[in-house]
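Sequence positions in the sequence shown follow numbering that gives the first Met the number 0 and run 0 to 82.
Backbone N, C-alpha and C define an ideal beta-carbon position, used for all residues, glycine too.
Every value quoted in this text rests on a predicted model; they were computed, and no experiment measured them.
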Amino acid sequence: MIELTDDQIRLLNTADGALPRARNPRTMETFVLLRVEEYERLTAEEYDDSPWTREELEALAWETGKGIGWEEMDEYDRLPEKP
């Protein structure tokens, strides 16, 4: 484990909500410093960061439409007829 210097700790405490970043000067890789609790939440088994399925997107669109009063707009479910 790396111990932070006093200057690094001061930078952590004055951050404006943005996550602190660190750069490896040899490789120029950038890293984000997370609290252990946040890291564990993001890596927990129940956390799902997989892309949404087509069915999930359609369900969300349906719920959103209902929420703004589109439930009576079935006519827009059909494609326009070709001339």
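Residue from the options whose Cα sits closest to the Cα of residue i
i, options, result
"L33", "E45, E54, L11", "L11"
DSSP-derived helix/strand/coil call for residue i
i, result
"A58", "helix"
"R25", "coil"
"L10", "helix"
"L41", "helix"
DSSP beta-bridge partners of residue i
i, result
"V31", "R20"
CB-CB length for residue i against residue j, believed under 8 Å
i, j, result
"F30", "A17", "Contact flag wrong, Cβ pair sits at about 14 Å."
"R53", "Y46", "22 Å between Cβ atoms; not a contact."
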